[in-house]
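Note sheet for the following structure.
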Amino acid sequence: MTAPFYIKVGISSDEYDKVNQLYTNKNLNKQPAGLNFYKQRWQSKPRGTVQVEHGDYSFTVPHVLSTLGTEDTLFLERGIYQFSIRSGLSPDEFIDHDQARLQMMTLLQSIVAKGWQPYIGLYEPRLSGKESFQYILEGSRYTPDPMYIPSLEEWMALDITQEWAFHIDDVFLNVNFRRRLNYKGNNDLGVYLLTFTLITRDEEARNHFDGNDREQWLSLWGEEAKTSKVSRYKKEVELIKRGYHINTDYVDPIIHADDPVEPDSDEALALIQYIKENNN
Numbered sequence: 001m002t003a004p005f006y007i008k009v010g011i012s013s014d015e016y017d018k019v020n021q022l023y024t025n026k027n028l029n030k031q032p033a034g035l036n037f038y039k040q041r042w043q044s045k046p047r048g049t050v051q052v053e054h055g056d057y058s059f060t061v062p063h064v065l066s067t068l069g070t071e072d073t074l075f076l077e078r079g080i081y082q083f084s085i086r087s088g089l090s091p092d093e094f095i096d097h098d099q100a101r102l103q104m105m106t107l108l109q110s111i112v113a114k115g116w117q118p119y120i121g122l123y124e125p126r127l128s129g130k131e132s133f134q135y136i137l138e139g140s141r142y143t144p145d146p147m148y149i150p151s152l153e154e155w156m157a158l159d160i161t162q163e164w165a166f167h168i169d170d171v172f173l174n175v176n177f178r179r180r181l182n183y184k185g186n187n188d189l190g191v192y193l194l195t196f197t198l199i200t201r202d203e204e205a206r207n208h209f210d211g212n213d214r215e216q217w218l219s220l221w222g223e224e225a226k227t228s229k230v231s232r233y234k235k236e237v238e239l240i241k242r243g244y245h246i247n248t249d250y251v252d253p254i255i256h257a258d259d260p261v262e263p264d265s266d267e268a269l270a271l272i273q274y275i276k277e278n279n280n
């Protein structure tokens with residue numbers, strides 16, 4: 001039996017090739033823009049199995065169709081800073097929607113059981129449980145609480161794609177599904193394609209900025225964090241007025257040495273005070 005394909009965020013290209021030397025159909029695509037893409041595909045059954053290595057937080061992804069790693073030739077010392085894994089939810093292409101719901105939530109909760117922490121962006125409201133799902137169903141894009149198991153009705157009310165987010169130590173993980181709801185007129189069956197995206201902490205920080213600012217994120221982070229949190233608090237105030245409860249126990253990950261950074265403008269302080277006094 002072939003060993004699982006091995007990925008680790010930040011791994012060097014040499015180490016990547018060494019640990020996956022049994023896989024002879026790896027492909028390297030060098031782009032003129034200075035990015036190297038490391039691809040691996042499983043074009044027929046049995047599909048691949050990928051070992052995501054991150055110490056005590058490692059996990060395995062079955063039914064894998066492909067992997068893609070990204071490396072910047074200007075910053076080779078960063079290694080392969082991003083990986084994406086595309087997989088099926090089950091060995092079969094088509095799956096009952098209720099079964100898909102249960103399997104997806106089991107998968108997400110197994111990631112939490114490994115020690116990964118749910119991640120809420122700095123600019124997003126801190127919601128948990130059923131309300132994190134309700135917020136989506138009312139029309140907002142959001143990464144809901146992975147510990148909340150939606151009803152089948154709630155599950156089917158989701159868009160064709162939905163994402164959950166996690167972090168631990170210096171790695172961030174997004175798990176996304178994309179689905180086709182109807183199979184040959186059978187509304188009970190669908191196709192679910194999963195994408196696992198892993199990036200380094202520094203890359204997560206850079207993604208808050210555009211252009212040349214990406215490489216200046218260390219000096220720009222404080223103001224960016226303050227602006228994002230004001231946006232968060234504004235959303236939370238509006239949600240409290242609509243009857244939501246804000247999970248003020250949620251702890252943001254440490255991305256910068258100065259974290260946690262809090263806004264101190266009069267506007268921000270007024271928002272924070274409102275949340276403290278009215279969050280029931």
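Taken in order, the sequence shown gives residues 1 to 280; the numbers are from this note's numbering. In this text, a Cβ means the ideal position worked out from N, Cα and C, and glycines have one as well.
Cβ-based neighbour list, residue i, same chain, cut-off 7 Å, excluding 5 preceding and 5 following
| i | result |
| --- | --- |
| Tyr-23 | Phe-5, Gln-40 |
| Arg-214 | Arg-206 |
| Met-104 | Leu-89, Phe-177 |
Residue i: first and last residue of the uninterrupted alpha helix (DSSP H) it sits in
| i | result |
| --- | --- |
| Ile-136 | 129 to 137 |
| Arg-201 | 201 to 206 |
| Gly-222 | 217 to 241 |
| Arg-101 | 97 to 113 |
| Tyr-16 | 13 to 19 |
Selected residue, minimal CA-CA separation from residue i, among the options
| i | options | result |
| --- | --- | --- |
| Arg-47 | Gly-69, Gln-82, Ser-90 | Ser-90 |
| Trp-54 | Trp-155, Arg-126, Asp-169, Arg-78 | The residue asked about is misnamed: residue 54 is His in this sequence, not Trp. Among Trp-155, Arg-126, Asp-169, Arg-78, the Cα nearest to that of His-54 is on Asp-169. |
| Gly-129 | Asp-145, Trp-116, Arg-86 | Asp-145 |
| Asp-302 | Ala-270, Phe-75, Glu-131 | Nothing can be reported for residue 302, as the shown portion of the chain is limited to 1 through 280. |
| Phe-37 | Tyr-81, Arg-180, Ser-132, Ile-246 | Tyr-81 |
| Phe-166 | Tyr-123, Lys-114, Phe-94 | Lys-114 |
| Pro-150 | His-97, Asn-174, Leu-194 | His-97 |
| Gly-230 | Arg-126, Lys-241, Glu-77 | Sequence inspection shows Val at residue 230; the Gly mentioned does not correspond to that position. Comparing Cα-Cα distances from Val-230 to each of Arg-126, Lys-241, Glu-77, the minimum goes to Arg-126. |
| Asp-92 | Gln-117, Lys-45, Tyr-119, Thr-195 | Lys-45 |
| Ile-255 | Gln-21, Ser-13, Ala-225, Glu-71 | Ala-225 |
| Ser-84 | Ser-132, Asn-176, Glu-204, Leu-198 | Leu-198 |
| Asp-266 | Tyr-233, Leu-194, Tyr-250 | Tyr-233 |
| Asp-258 | Tyr-123, Glu-223, Gln-99 | Glu-223 |
| Glu-153 | Ser-140, Trp-164, Gln-134 | Gln-134 |
| Pro-118 | Val-261, Asn-182, Trp-164, Asn-176 | Trp-164 |
Beta-carbon contacts of residue i that lie in its chain and below 8 Å, excluding the five residues immediately before and after
| i | result |
| --- | --- |
| Ala-157 | Leu-137 |
Span separating the alpha-carbon of residue i from that of residue j
| i | j | result |
| --- | --- | --- |
| Glu-15 | Leu-108 | 29 Å |
| Ile-111 | Thr-60 | 10 Å |
| Thr-161 | Phe-94 | 16 Å |
| Gln-31 | Gly-69 | 13 Å |
| Leu-220 | Arg-206 | 10 Å |
| Tyr-148 | Ile-272 | 27 Å |
| Ile-11 | Leu-189 | 39 Å |
| Ser-66 | Asn-280 | 46 Å |
| Thr-73 | Ala-33 | 9 Å |
| Leu-35 | Asn-29 | 8 Å |
| Lys-276 | Ser-13 | 49 Å |
| Thr-106 | Lys-26 | 31 Å |
| Gly-121 | Asn-174 | 12 Å |
| Arg-178 | Leu-193 | 5 Å |
Range of the contiguous beta strand (DSSP E) that encloses residue i
| i | result |
| --- | --- |
| Leu-68 | 59 to 72 |
| Leu-173 | 171 to 180 |
| Asp-159 | That residue, Asp-159, is in no beta strand (DSSP E); it is neither H nor E in DSSP. |
| Leu-28 | 27 to 30 |
| Tyr-274 | That residue, Tyr-274, is in no beta strand (DSSP E); its alpha helix (DSSP H) goes 266 to 278. |
| Tyr-38 | 35 to 41 |
| Ile-254 | Taken as a continuous stretch (DSSP letters only), Ile-254 belongs to no beta strand (DSSP E), as it is neither H nor E. |
| Phe-5 | 5 to 7 |
| Ile-80 | 80 to 88 |
| Thr-49 | 48 to 52 |
Close-in-space but distant-in-sequence residues of the same chain around residue i (CB under 6 Å, 5 per side omitted)
| i | result |
| --- | --- |
| Pro-253 | His-167 |
| Glu-237 | The residue asked about is misnamed: residue 237 is Val in this sequence, not Glu. The residues are Leu-271, Tyr-274. |
| Glu-204 | Phe-172 |
| Pro-62 | Thr-49 |
Any non-hydrogen atom of the ligand SAM within 7 Å of residue i CB
| i | result |
| --- | --- |
| Thr-60 | The ligand SAM is not part of the structure shown, which contains no ligands of any sort. |
* Asked: Can at least three beta-carbon pairs, one atom from the region 234 to 247 and one from the region 203 to 217, be found at a separation below 8 Å?
  -> no
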